[in-house]
Amino acid sequence: DAGITQSPRHKVTETGTPVTLRCHQTENHRYMYWYRQDPGHGLRLIHYSYGVKDTDKGEVSDGYSVSRSKTEDFLLTLESATSSQTSVYFCAISDLRTSGAYNEQFFGPGTRLTVL
Amino acid sequence: GENVEQHPSTLSVQEGDSAVIKCTYSDSASNYFPWYKQELGKRPQLIIDIRSNVGEKKDQRIAVTLNKTAKHFSLHITETQPEDSAVYFCAASKGGSNYKLTFGKGTLLTVNP
């Protein structure tokens with residue numbers, strides 16, 4: 001597996017509390033992504049980053065924010081968690097320098113978040 | 117934006133049979149089509165991909181085909197084994213400055229011994 005870790009791996013929290021998930025990579029890849037995975041919906045992109053301090057929204061970005069202050073870390077924040085954000089969250093990385101012009105993405109182990 | 121449809125959502129086969137999963141995409145500019153396998157409780161793993169300049173690619177028991185005119189691509193698994201049981205996702209991406217993958221909703225493949 002590519003050098004990608006996520007923390008925490010499991011978290012239970014209450015509605016209305018802030019939550020931050022961390023993705024850490026040791027591959028020096030430029031691009032990083034946050035997805036959520038829910039039954040019947042597959043993998044949906046929340047936010048992505050194309051460089052330090054460069055981020056953009058995905059298809060399900062409402063209620064989420066991200067930050068990337070250094071190449072190796074990409075943080076996903078739920079400012080005020082809701083039950084609809086109960087999901088499994090995956091981080092992914094890619095780098096066109098190693099895959100040519102094609103977006104090969106490699107996934108982290110995932111974080112299971114439960115919002116009560 | 118890109119839309120990827122994947123069928124079937126579930127597929128059950130007998131060990132040794134072949135399995136085929138099909139995907140269609142909407143954006144004719146897409147040029148990269150990976151397939152991921154996800155075992156229960158694990159991360160998605162890239163198993164094979166195809167780029168728009170080829171029509172077919174094989175890797176041992178798995179193969180992918182691409183029909184750019186019809187905008188569909190397929191995953192073929194031959195001589196299925198119980199360890200092939202997993203959820204399979206297709207995805208599509210444009211090249212160049214678009215660094216996003218759009219995923220299908222997945223196919224749960226069950227291989228019965």
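Residue numbers (our numbering), protein chains in the order written: chain A, 1 to 116; chain B, 117 to 229. C-beta: ideal position from N, C-alpha, C; glycine also.
For residue 204(B), no Cβ of chain A is located within less than 8 Å of the residue's own Cβ. Using beta-carbon distances, residue 16(A) does not count as an interface residue toward chain B, since no partner is under 8 Å.
Scanning chain B for C-beta atoms nearer than 9 Å to the C-beta of residue 64(A) yields nothing, as the closest lies near 16 Å away.
The residue among 156(B), 147(B) and 202(B) with its C-alpha nearest the C-alpha of residue 126(B) is 202(B). Between residue 105(A) and chain B, the shortest Cβ-Cβ separation is below 8 Å. Of all alpha-carbon atoms in 167(B), 174(B), 128(B) and 160(B), the one lying nearest the alpha-carbon of residue 196(B) is that of 128(B). Linking residue 154(B) to residue 19(A) through their CA atoms gives a straight-line distance of about 26 Å.
When 199(B), 206(B), 217(B) and 146(B) are compared, the shortest CA-CA separation from residue 131(B) is found for 199(B). Taking a C-beta distance under 8 Å as the contact criterion, residue 215(B) and residue 64(A) do not qualify as a contact pair. Taking residue 66(A) as the centre and dropping the five residues before and after it, the same chain places the C-beta of 47, 55 and 76 closer than 6 Å to its C-beta, in chain order.
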